[in-house]
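Chains as they are written, first to last, in my numbering: chain A, 8 to 546; chain B, 75 to 175. A virtual CB, placed ideally from N, CA and C, is assigned to each residue, including glycine. Down below is the structure, laid out as structure tokens.
Next comes the structure, spelled out in structure tokens:
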């Protein structure tokens, strides 16, 4: 079982490290995107400043004036949103009537000025993939076709699930190992670090790997669908259709008979300021139109859950629609746990820390392999005769060891360096450049590739120290470059109290500190190890 | 690891087990998943989804079995026999319920 854990971990470690780094960034995707669009205004608040009835009146008038024939009209009032995170101002949205045979219509919308009700002049930010690109890479990889991408990630996720499960089985002393750390002892210290961090974040790993598999479960394991429906296109669609449930048939919405502004006002006084998120008008064919209301700060895992439904004719409160079947609810719960959209800021940080611990487990596991192998290899070389030392197997082992070492250095230090390049490219590439969004991503992979090349031509210890130092330097420079190129730097964001933007710059300092600390620690240890045999000889 | 004699025979046995885990385990997990989907007293689409979400549990149990049993041959048997049983049962269930001919 230990054998399985080792080999599964080694073969998938680098892909998983990439998935964990980009996936952890994905937990802060909105904040990253926000930082990468410095043209957008600083955070301001509209919550509690304006009358909901006046805003709703403006919004309804605007919908009547400009919305195409639609199946739904939505008025969103200023509130703290979870998806996307951050404060959302007054806005309207619609979904046009779907053309025959389609499930969904075209969506459109506008942000409105809360006082005048006029559409707000939208600021066009610089072209960037933002945090969304990183988030998408964690399950699609990069420059791979969709189907291939999710399969590569799926196989690695399945193997990680196996590595975690077999890791637990291997660990008969899982509890006592949690309290065991023997620093400064080479391989033992790496093993202890790997164990402590793994046990600490074990529940997170079990949750995140299994729920990750569930996202594309039917693609990964189509047997049940193929047996009960069939594997060709028509039965597949049949399955998808049955899962979705009966298709909606809506007719064109019009302004409700009941006063929407009055409803907004009443609900706000009932639920509290900023708690009425949105009101959506829909009109199922052959039935009475109704108004669906969503509210903020519910304690459920679902971020768009319906809070109340009212008749659009007389304003009477209607029963909420029937809940989805248990299987679907189980699946949504698993998705919600994986995505963490429901998480408030403190729970979000727990997600981010768990993700970083995941990176640490994969990293220490990979390094542990080279340390252990390296020692075995050295012992064998010392003991064996000349013939064995230069044998085919010995050479293969040496090459394999070096290959893993280079991939470790180039990825564990190189990928974070590439990520820093991604952020720096956002500030340094010309704003008017037509392909700038794709060049931001190219920068990530060019720098990562460069790091792999660099690791392959330098002695391992030098490469570790130099790339980690470079990563520290790159991260510490990001807030500086930000200050030189934009006016969204700490001097302004802190004074303004924009914690989302300021937090990004602080996180860059934090990452720089982590890489600098690792580099210095490694350097010290290696110096001490080099000095030790010399000191012994002298005495 | 250094104590084990790394003969060609040993390496082939390991390769055989890896194949038994990857391919045999996948077939076993598929058969059990399909069988459970036919067995669950749920609307058809939900039964498929519920069973598929559970499928990775069977896969991991299969892989662990492959690396726990004494010989590679037994590993293959441990995959093939339950897989065949589940597949036959599944076919019978689908036939009996009239879902598939």
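Would residue 119 (chain A) and residue 32 (chain A) qualify as a contact pair, given that the criterion is a beta-carbon distance under 7 Å?
Position 112 of the first chain, counted from the first residue, corresponds to residue 119 (chain A). Position 25 of the first chain, counted from the first residue, corresponds to residue 32 (chain A). In this structure, residue 32 (chain A) does not lie closer than 7 Å to residue 119 (chain A) by Cβ.
Is any beta-carbon of chain A found at less than 7 Å from that of residue 162 (chain B)?
As a working mapping, residue 162 (chain B) is identified with position 88 in the second chain. Chain A contact via Cβ: absent.
Going by DSSP, which residues form a beta bridge with residue 539 (chain A)?
Here residue 539 (chain A) is taken as the residue at index 532 of the first chain, counted from 1. Under DSSP, residue 539 (chain A) shares a beta bridge with no residue.
Could you pull the start and end residues of the alpha helix (DSSP H) that residue 136 (chain A) belongs to?
By 1-based counting over the first chain, the position of residue 136 (chain A) is 129. No residue range can be given for residue 136 (chain A), since it is assigned to no alpha helix (DSSP H) and is classified by DSSP as neither H nor E.
If we cut at 7 Å on Cβ distances, does residue 129 (chain B) have a partner in chain A?
By 1-based counting over the second chain, the position of residue 129 (chain B) is 55. Taking CB atoms only, residue 129 (chain B) has a neighbour in chain A less than 7 Å away.
By how many angstroms is the C-alpha of residue 165 (chain B) removed from the C-alpha of residue 366 (chain A)?
Counted from its first residue, the first chain places residue 366 (chain A) at position 359. Counted from its first residue, the second chain places residue 165 (chain B) at position 91. Going from the Cα of residue 366 (chain A) to the Cα of residue 165 (chain B) covers about 44 Å.
What runs of the alpha helix (DSSP H), each 4 residues or longer, lie entirely inside the region 77 to 155 of chain B?
Within the region 77 to 155 of chain B, the alpha helix (DSSP H) runs of at least 4 residues that lie entirely inside it are, in chain order, 82 to 93, 99 to 113, 118 to 142.
Can you pull the chain A residues whose beta carbon is under 7 Å from the beta carbon of residue 151 (chain B), in chain order?
On the second chain, position 77 is the one that residue 151 (chain B) refers to. Result: empty, since nearest Cβ-Cβ is about 19 Å, beyond 7 Å.
Excluding five sequence neighbours on each side, which residues of the same chain lie with their C-beta closer than 8 Å to the C-beta of residue 319 (chain A)?
For the purposes of this step, residue 319 (chain A) is taken as residue 312 along the first chain, with counting starting at 1. The beta carbon of residue 319 (chain A) lies closer than 8 Å to those of 263, 264, 265, 288, 290, 295, 296, 297, 298 in the same chain, with the five residues before and after it left out.
What are the residues of the region 113 to 137 of chain B that lie near chain A, defined by any Cβ-Cβ distance shorter than 8 Å?
Result list: 116, 117, 118, 119, 120, 121, 122, 123, 124, 125, 126, 127, 129, 130, 133, 134, 137.
Where residue 551 (chain A) sits in the DSSP three-state scheme
Residue 551 (chain A) lies beyond the stretch modelled for chain A, which goes from 8 to 546, so this question has no answer here.
Going along the chain, which unbroken runs of the beta strand (DSSP E) with 3 or more residues stay wholly within the region 436 to 461 of chain A?
Look at the region 436 to 461 of chain A and you find no whole run of beta strand (DSSP E) that is 3 residues long or longer.
Do you know offhand how far residue 432 (chain A)'s Cα is from residue 376 (chain A)'s?
Here residue 432 (chain A) refers to the residue found at position 425 when the first chain is read from its first residue. Here residue 376 (chain A) refers to the residue found at position 369 when the first chain is read from its first residue. Rounded to the nearest angstrom, the two C-alpha atoms are 34 Å apart.
Supposed close pair residue 134 (chain B), residue 110 (chain B) - CB separation, criterion 8 Å
Locating residue 134 (chain B) in the second chain gives position 60, where the first residue counts as 1. Locating residue 110 (chain B) in the second chain gives position 36, where the first residue counts as 1. Not really, about 16 Å apart at Cβ, beyond 8 Å.
For residue 2 (chain A), which residues does DSSP report across the bridge?
Chain A is shown from 8 up to 546; residue 2 (chain A) falls before or after that span and cannot be answered.
How long is the line joining the alpha carbons of residue 155 (chain B) and residue 148 (chain B), rounded to whole angstroms?
One-based indexing of the second chain puts residue 155 (chain B) at position 81. One-based indexing of the second chain puts residue 148 (chain B) at position 74. Rounded to whole angstroms, the gap between the alpha carbons of residue 155 (chain B) and residue 148 (chain B) is 10 Å.
Residues that residue 99 (chain A) bridges to, as DSSP identifies them
Indexing the first chain from 1 puts residue 99 (chain A) at position 92. Answer by DSSP bridge pairing, in chain order: A:82, A:117.
Would you check if the region 391 to 404 of chain A and the region 453 to 464 of chain A touch, i.e. whether three or more CB-CB distances between them fall below 8 Å?
No, the region 453 to 464 of chain A is not in contact with the region 391 to 404 of chain A.
Decide if residue 202 (chain A) is buried, meaning its Cβ has at least 16 other Cβ atoms within 10 Å, or exposed.
Walking along the first chain from the start, residue 202 (chain A) turns up at place 195. Result: buried.
With a threshold of 16 other CB atoms inside 10 Å of the CB of residue 215 (chain A), please say whether the residue is buried or exposed.
Within the first chain, residue 215 (chain A) is the residue found at index 208, counting from 1. Label assigned to residue 215 (chain A): buried.
Chain-order list of residues whose beta-carbon lies under 7 Å from that of residue 539 (chain A) (same chain, five-residue window excluded)
Start at 1 with the first residue of the first chain, and residue 539 (chain A) comes out as number 532. Hits under 7 Å: none found.
I need the straight-line Cα distance from residue 363 (chain A) to residue 28 (chain A), nearest angstrom please.
Here the question's residue 363 (chain A) lines up with position 356 in the first chain. Here the question's residue 28 (chain A) lines up with position 21 in the first chain. About 7 Å.
Is residue 236 (chain A) buried or exposed, if buried means 16 or more other CB atoms sit within 10 Å of its CB?
Numbered from 1 along the first chain, position 229 holds the residue referred to as residue 236 (chain A). Buried.
Contacting residues, own chain, Cβ-Cβ under 8 Å from residue 473 (chain A) (five flanking each side not counted)
Locating residue 473 (chain A) in the first chain gives position 466, where the first residue counts as 1. Answer for residue 473 (chain A): 461, 465, listed in chain order.
Coarse secondary structure for residue 304 (chain A), derived from DSSP in three states:
Here residue 304 (chain A) is taken as the residue at index 297 of the first chain, counted from 1. In the three-state DSSP reduction, residue 304 (chain A) falls in the coil class, being neither helix nor strand.
Just checking: is the beta-carbon of residue 90 (chain B) within a distance shorter than 7 Å of some beta-carbon in chain A?
Position 16 of the second chain, counting from 1, holds the residue named residue 90 (chain B). Taking CB atoms only, residue 90 (chain B) has no neighbour in chain A less than 7 Å away.
Chain B partners of residue 246 (chain A), CB-CB under 7 Å?
Within the first chain, numbered from 1, the residue matching residue 246 (chain A) stands at position 239. Those within 7 Å of residue 246 (chain A) in chain B are 119, 122.
Does the separation of the CB atoms of residue 308 (chain A) and residue 327 (chain A) fall below 7 Å?
Sequence index remark: in the first chain, residue 308 (chain A) carries index 301 (1-based). Sequence index remark: in the first chain, residue 327 (chain A) carries index 320 (1-based). Taking 7 Å as the cut-off, the Cβ atoms of residue 308 (chain A) and residue 327 (chain A) do not count as close.
Quick check: what's the CA-CA separation for residue 36 (chain A) versus residue 137 (chain A)?
What you label residue 36 (chain A) is simply residue 29 of the first chain in a count that begins at 1. What you label residue 137 (chain A) is simply residue 130 of the first chain in a count that begins at 1. Between residue 36 (chain A) and residue 137 (chain A), the C-alpha separation is close to 7 Å.
In chain order, what residues of the region 158 to 174 of chain A put their CB closer than 8 Å to some CB of chain B?
Under the 8 Å Cβ criterion, the region 158 to 174 of chain A contributes 165, 168, 169, 172, 173.
Residues, ordered as in the chain, of the region 205 to 225 of chain A that lie near chain B by beta-carbon distance below 8 Å:
Under the 8 Å Cβ criterion, the region 205 to 225 of chain A contributes 217, 220, 221, 224, 225.
Taking any Cβ of chain B, which residues in the region 330 to 352 of chain A have a Cβ under 9 Å from it, in chain order?
Here the close residues are 332, 333, 334, 335, 337, 338, 341.
Could you compute how far the alpha carbon of residue 506 (chain A) sits from the alpha carbon of residue 175 (chain A)?
Sequence index remark: in the first chain, residue 506 (chain A) carries index 499 (1-based). Sequence index remark: in the first chain, residue 175 (chain A) carries index 168 (1-based). So the two alpha carbons sit approximately 39 Å from each other.
Between which two residues does the alpha helix (DSSP H) harbouring residue 24 (chain A) extend?
Taking the first residue of the first chain as position 1, residue 24 (chain A) is located at position 17. Per DSSP, residue 24 (chain A) is one residue of the alpha helix (DSSP H) stretching across 9 to 33.
Taking DSSP as the reference, what is the three-state secondary structure of residue 316 (chain A)?
Within the first chain, residue 316 (chain A) is the residue found at index 309, counting from 1. Strand.
Inter-residue CB distance, residue 470 (chain A) and residue 519 (chain A) (contact presumed, cutoff 8 Å):
Reading the first chain from its first residue, position 463 is the one you call residue 470 (chain A). Reading the first chain from its first residue, position 512 is the one you call residue 519 (chain A). Between residue 519 (chain A) and residue 470 (chain A) the Cβ distance is about 19 Å, and since that is not below 8 Å, they are no contact.
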